[in-house]
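In UniProt numbering, the protein residues as written are 3 to 343. By construction, the Cβ of each residue, glycine as well, lies at the ideal position given by its N, Cα and C atoms. Contents: one structure, followed by commentary.
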Ligand code: PMV
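Here it is, written out as structure tokens:
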């Protein structure tokens, strides 16, 4: 048995979906296509250390220096699923240490960035050990690996605009991995800002996993699948044409639909807070008065993502600071933006 150990350190960003992935089938495949952009500042950093050995794989996990027992089963499932890609995961000792660059429990979806960074770090270990079973171009494989950790994570291994899931609009799109669509996006969408209004910190009452599950027998399931397919095609067109108005309409329809689906699940639930609605109303009113391109979206939580082109930052900043920051938990606002290589 070798006493040599192998190390890797890497990071991956979070992403924000405009067309939402909501509902899954099979092993972490989406019931509908989704489109997102990858962020610049909200990252998960992961360091992995691996010691080969004969005993079945042993995993130790630390998040920001502390053990997180509830995350271990997820990692166990991930490593089982990744054995087909990374043979070293069959045995030995694995230590995974992750931390986020964004504030602790700020309510930012961290499963995408954390699973993407873990997949990246594990692939880096396999590369040091033996590359004979790895493809020459492993970008697709990396996205697929991240998906097996958390669906939306497959969009976090790719920069900029990403499409995940089969759609009539793009024959090469897949349910297994994300696809870069940067080549088909108008320049005016390449500097989008994502200002995150942290309406409530801390963990959510209902997890995304349960939310996905509730879609399986949801009364509006078929309608939702049709809506997401239609919005994917329409969003691809808006992105290509540089049509912010069409973009904003789809963006808001998707956010409100996502929360509508939660409310109409059985049992129904709400993840918005009163301040989320207050912020939405202020944003819409501001847009009506100022006639500027700005829109918003929400993930499966109460926080608002305010989306606008960089050229609008001067107008947006005073509005955010004066009218939106006071609605936030501990007055927390995170200024992030798209990352494109
Ligand atoms: O990847 P998951 O299982 O955490 O699901 C994410 C679902 C949403 O964030 C609500 C939408 C999306 O497409 O990212």
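**Report entry** Reference residue 186; option with closest CA among 180, 196, 241, 217
**Finding:** 241
Query raised in the report: Do you know whose CA, among 154, 222, 182, 194, lies nearest residue 163's CA?
Result: 182
Report task. Have a look at 267, 206, 152 and flag the residue whose alpha-carbon is nearest the alpha-carbon of residue 302. Result -> 206
Report task. Return helix, strand or coil for residue 338, following the three-state DSSP convention. Result -> strand
Query raised in the report: How about the stretch 116-132 and the stretch 146-156: do they share at least three Cβ pairs that are nearer than 8 Å?
Result: yes
Query raised in the report: By DSSP, does residue 56 sit in helix, in strand, or in coil?
Result: strand
Query raised in the report: Which ranges does the alpha helix (DSSP H) cover as unbroken runs of at least 4 residues, wholly within the stretch 108-160, from first to last along the chain?
Result: 113-131, 141-151
Query raised in the report: Run through DSSP, which three-state label would residue 33 get?
Result: coil
**Report entry** Limits of the alpha helix (DSSP H) - the one that residue 243 falls within
**Finding:** 223-243
**Report entry** Which residues DSSP lists as bridging residue 182, in chain order
**Finding:** 164
Report task. Would you check if the distance between the CB atom of residue 257 and the CB atom of residue 197 is smaller than 7 Å? Result -> no
Query - Residue span of the beta strand (DSSP E) that contains residue 303, given as start and end - result: That residue, residue 303, is in no beta strand (DSSP E); it is neither H nor E in DSSP.
Query raised in the report: Between residue 118 and residue 171, which are expected to be in contact by the criterion C-beta below 8 Å, what is the C-beta distance as a whole number of angstroms?
Result: Between residue 171 and residue 118 the Cβ distance is about 24 Å, and since that is not below 8 Å, they are no contact.
Query raised in the report: Counting pairs of beta carbons, one from the stretch 214-225 and one from the stretch 7-16, are three or more of them closer than 8 Å?
Result: no
**Report entry** 7 Å Cβ cutoff met for residue 420 and residue 21
**Finding:** The structure shown does not extend to residue 420, since the chain is modelled only from 3 to 343, so the question has no answer here.
Query raised in the report: Which residue comes first and which comes last in the alpha helix (DSSP H) that contains residue 2?
Result: Residue 2 falls outside the range modelled here, since the chain spans only 3 to 343, and no answer is possible.
Query raised in the report: Who are the Cβ neighbours of residue 262 in its own chain at under 7 Å, not counting the five residues just before and after it?
Result: none
Query raised in the report: With 7 Å set as the bound, which would you pick, yes or no: does the beta-carbon of residue 280 sit closer than that to a beta-carbon of chain C?
Result: The structure shown has no chain C; it contains just one protein chain.
Report task. Report yes if the CB atom of residue 55 is closer than 7 Å to the CB atom of residue 93, and no otherwise. Result -> yes
Report task. Let me know the secondary structure DSSP gives residue 195 once reduced to three states. Result -> strand
**Report entry** Nearest-angstrom Cα separation, counted from residue 86 out to residue 340
**Finding:** 33 Å
Query raised in the report: Starting from residue 15 and walking both ways along the beta strand (DSSP E), at which residues does that stretch end?
Result: 8-21
Query raised in the report: Should residue 76 be counted as a contact of the ligand MG given a C-beta to heavy atom distance under 6 Å?
Result: With respect to the ligand MG, the structure shown offers nothing to examine, as its ligands consist of the ligand PMV.
**Report entry** Neighbouring residues (CB closer than 5 Å to any heavy atom of the ligand PMV)
**Finding:** 19, 22, 23, 36, 113, 152, 153, 154, 210, 301, 302
**Report entry** Bridge-paired residues (DSSP) for residue 95
**Finding:** 53, 60
Query raised in the report: Which value, in whole angstroms, describes the spacing of the CA atoms of residue 189 and residue 292?
Result: 23 Å
Query raised in the report: Leaving out the 5 sequence neighbours to the left and right, which residues in its chain are closer than 6 Å to residue 334 when beta-carbon positions are compared?
Result: 200
Query raised in the report: Relative to the C-alpha of residue 255, which residue among 232, 239, 77 is closest?
Result: 232
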